[in-house]
Ligand code: BES
Ligand code: MN
Ligand code: ZN
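Residue numbers (the working numbering): 2 to 516.
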C-alpha cells in the first residue's frame, strides 16, 4: 500500500509554517478560528476573484501572501454546516487529501461558523483522508502519484491506455486535525480507523492479482485475523469432501490450486446470543471454466472474490473496534479454471444440502460455491440472519449500473435495515424482486435444479438459486458485481477495488446488533 499518512488530533493553534486547510460555509463565511488568521484579511478579495462562495465541493488554493509564515492556505467549501451528514465528513476528508497533494505536512482546521465540529465528524474527516490516500502500488518499482494518474489504482492494465505520467509530487505524510475536543476525536477515530483498515484490506485483496492470491493464500490472510482475536478455521478439500460439498468442489476441480473454506468467528457479544453471519463468494479467478469467458476484459476476474474480501475486511473492522456482537464470517475460496479435470456442462453435482444441480454453464460458478457455504453456515451456526455478498452476475450491472448493488431478500425487516445502512454509508442498495415465477425458471429436467435460468432476469434467477439453500433463516444476498470493482472513483476511493460492503455492514451491525 502507498505510504499511509500519519493522522493526529490537536487543539486549535496557528501553525507557523507549511500548509493549512480552513473550512468555509455558504457565502464564504468562516468560523472564529479561521477568521482570526492574519491571512484571512485578504480572503474577501481572493474569494471574489476566484468566484468562491463556500459551496460544498468547491475550494480555493491560496499561495500565502508576502509576510505570511505559511506556504499555502486551502479553503474548502462545505455549504450549509447544518446540512452535513455523516458521509459528507468522509467526503470532506477525501477532497482535502486530494487537494493538498503537494504538501508534506498539513494542518486541517475543523472550524465552522455557528457550530462546533464534533469528535465523530473529525474522525470521519480523518478516515476520509486515509481512504482517499490508498493506492495499490506494491508492484511498482518506481512510484507514481496516484491522483495525478486520473485514479484507477489497481485496475488491470489496459493495452490502449497511455502510460502513467511520472511525477515527483510528494503526498502529505502527516495530517494534524485541529478540533474542539482532540481527545474525544482520537477516541472516535480508533473505531473509524478500524473500519477504514477493513475497507483497505478488502481493496488490497481485490486488487491483488490471481497469481499471487489463490484460495490457499487468501485463506492465510483470513487466518491472520487471529491476531485481532478472531477464531479462524480453514477447511481443506478433504474436509469439504467429507461434508459433501459437491457444488463448491465441482467448481474447484479444474484448478491445481485447491479449495478452502475459511470460517471466522468474532465473539464480542453475550455468550448466549446467536451470531449474525456474513458469507462471501471467493472465486480468486474466474475463467468461466469450460464455458469460457471471452478474452477481452477477463483480467478483471481477478476481482471475483470481492464478496469474500468484503467479509474478511468486515471481520477485521469488527474485531479491531471490538464490536459487541457475535459474528460469523464464512468465505468459499476456489479458482474457476480449466484443465482436463474441469467440470463440464451437463455434469450433475450433489450439494451439501442433498439437492442435486445440473451444471448448464460452468461460468455460473459463484452460486455453486455459495450454495454449500450458505448451507454449512445455517446448519452449524443457526444464525440470526445470513447475508451473502458476491460478484455474482454481469446482469446486475445491466439492471442497476454501478452505483447501487442489488439487494435480494426473504425478509423485509432485514432488507429495510440494509437499505438504511446503505444510505448512511453511501454504499447504496436497490432491492430487486423475487418470487415463485422466477424460482421455477431454474427447475431442471435431469436434477433438482439447474445453475442458470433463461435469457431474462439473470440476477434474479441467480438469487432464487441461492435461496434454495437458506431455508427459513432471514437472508439477504448482495450482488456487488458492479460496485466492488471497476466502479467510478469517488471522493474517498481512487482504487479500482472499492472495498464495497465493509462500511455498509459494519454500520448494520453497529445500528442493530450490538450491546
Ligand atoms: N463472476 C461473474 C460475474 C461478473 C461479471 C462479475 C462481470 C463481475 C463483472 C459470474 O461468475 C458469471 O460469470 N456470471 C455469468 C452468469 C451466466 C453464465 C448465467 C454472467 O453474469 O454472465
Ligand atoms: Mn463466472
Ligand atoms: Zn464468477
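The beta carbon of each residue, even a glycine, is placed where N, CA and C say it ideally should be.
Going by DSSP, what residues sit across from residue i in a beta bridge?
i	result
residue 261	334
residue 518	Any answer about residue 518 is impossible in this case: the structure gives the chain only from 2 up to 516.
residue 116	113
residue 23	76, 110
residue 314	Beta-bridge pairing links residue 314 to no other residue.
residue 359	349, 451
residue 254	Its beta-bridge partners do not exist; DSSP assigns none.
residue 409	478
residue 388	279, 477
residue 266	232, 329
residue 172	Partner(s): none; residue 172 has no beta bridge.
residue 486	498
Between the options, which has its C-alpha nearest residue i's C-alpha?
i	options	result
residue 304	255, 280, 336, 128	336
residue 289	68, 346, 471, 129	346
residue 479	392, 402, 425	392
residue 89	502, 510, 492, 473	492
residue 36	65, 113, 81, 46	113
residue 23	63, 451, 49	63
residue 432	414, 494, 203	414
residue 534	302, 295, 316	Absent from the structure is residue 534, since the part of the chain shown begins at 2 and ends at 516.
residue 503	133, 426, 469	426
residue 448	13, 276, 356	356
residue 129	153, 100, 381, 105	100
residue 506	439, 121, 423	423
residue 14	180, 175, 61, 487	180
residue 318	239, 207, 510, 246	510
residue 72	40, 97, 56, 49	40
residue 29	76, 12, 10	76
residue 208	154, 190, 175, 240	154
Expressed to the nearest angstrom, what Euclidean distance is found between the alpha-carbon atoms of residue i and residue j?
i	j	result
residue 522	residue 34	Residue 522 falls outside the range modelled here, since the chain spans only 2 to 516, and no answer is possible.
residue 168	residue 476	Interpretation of residue 168 is limited by its pLDDT of 44, a score under 50 that renders its predicted location unreliable; no figure is taken from the coordinates.
residue 406	residue 282	15 Å
residue 4	residue 329	32 Å
residue 91	residue 127	7 Å
residue 166	residue 474	Below a pLDDT of 50, predicted positions are generally treated as unreliable, and residue 166, at 43, falls in that range; the measurement from the model is reported next regardless. Spanning the two alpha carbons is a distance of roughly 52 Å.
residue 94	residue 274	37 Å
residue 203	residue 65	40 Å
residue 485	residue 500	6 Å
residue 138	residue 156	11 Å
residue 170	residue 104	Low per-residue confidence applies at residue 170: pLDDT is 49, beneath 50, and the placement is therefore not dependable, though the value from the model is reported in the following sentence. Rounded to the nearest angstrom, the two C-alpha atoms are 9 Å apart.
residue 149	residue 172	A caution first: residue 149 carries a pLDDT of 47, below 50, which makes its placement in the model unreliable, though a value can still be read off. Using only the alpha carbons, I get a separation of about 11 Å.
residue 164	residue 20	The predicted model places residue 164 with a pLDDT of 47, which falls under 50 and marks its position as unreliable, so this point remains unresolved.
residue 249	residue 368	9 Å
residue 56	residue 457	44 Å
residue 349	residue 455	18 Å
Tell me the residue span of the alpha helix (DSSP H) that contains residue i.
i	result
residue 94	87–100
residue 201	183–208
residue 283	Looking at the DSSP string, residue 283 is not in any alpha helix (DSSP H); the run it does join, the beta strand (DSSP E), is 277–287.
residue 368	367–382
residue 526	Residue 526 lies beyond the range of the chain shown here (2 to 516); nothing can be said about it.
residue 466	459–468
residue 242	238–244
residue 217	216–224
residue 401	396–401
Less than 8 Å between the C-beta atoms of residue i and residue j, yes or no?
i	j	result
residue 408	residue 416	yes
residue 568	residue 320	Here the chain comprises residues numbered 2 to 516, so residue 568 is not present and cannot be evaluated.
residue 8	residue 178	yes
residue 372	residue 467	yes
residue 278	residue 378	yes
residue 1	residue 27	As shown, the chain starts at 2 and ends at 516. That puts residue 1 outside it, with no answer to give.
residue 352	residue 394	no
residue 266	residue 313	no
residue 308	residue 481	yes
residue 494	residue 132	yes
residue 263	residue 358	no
residue 471	residue 375	yes
residue 344	residue 254	yes
residue 292	residue 198	no
residue 78	residue 53	yes
residue 188	residue 120	yes
Could you spell out where the beta strand (DSSP E) holding residue i opens and where it closes?
i	result
residue 62	60–64
residue 10	7–11
residue 136	Residue 136 -> no beta strand (DSSP E), and no H or E assigned at all.
residue 175	175–179
residue 442	Careful: residue 442 lies outside any beta strand (DSSP E) and carries neither H nor E.
residue 504	It is not in any beta strand (DSSP E) - residue 504 instead sits in the alpha helix (DSSP H) that spans 503–513.
residue 432	430–432
Is residue i close to chain B? Criterion is C-beta to C-beta, closer than 8 Å.
i	result
residue 189	Of the protein chains in this structure there is only one, and it is not chain B.
For the ligand FMN, any of its heavy atoms closer than 7 Å to the Cβ of residue i?
i	result
residue 453	Ligands present in the displayed structure are limited to the ligand BES, the ligand MN and the ligand ZN, and the ligand FMN is not among them.
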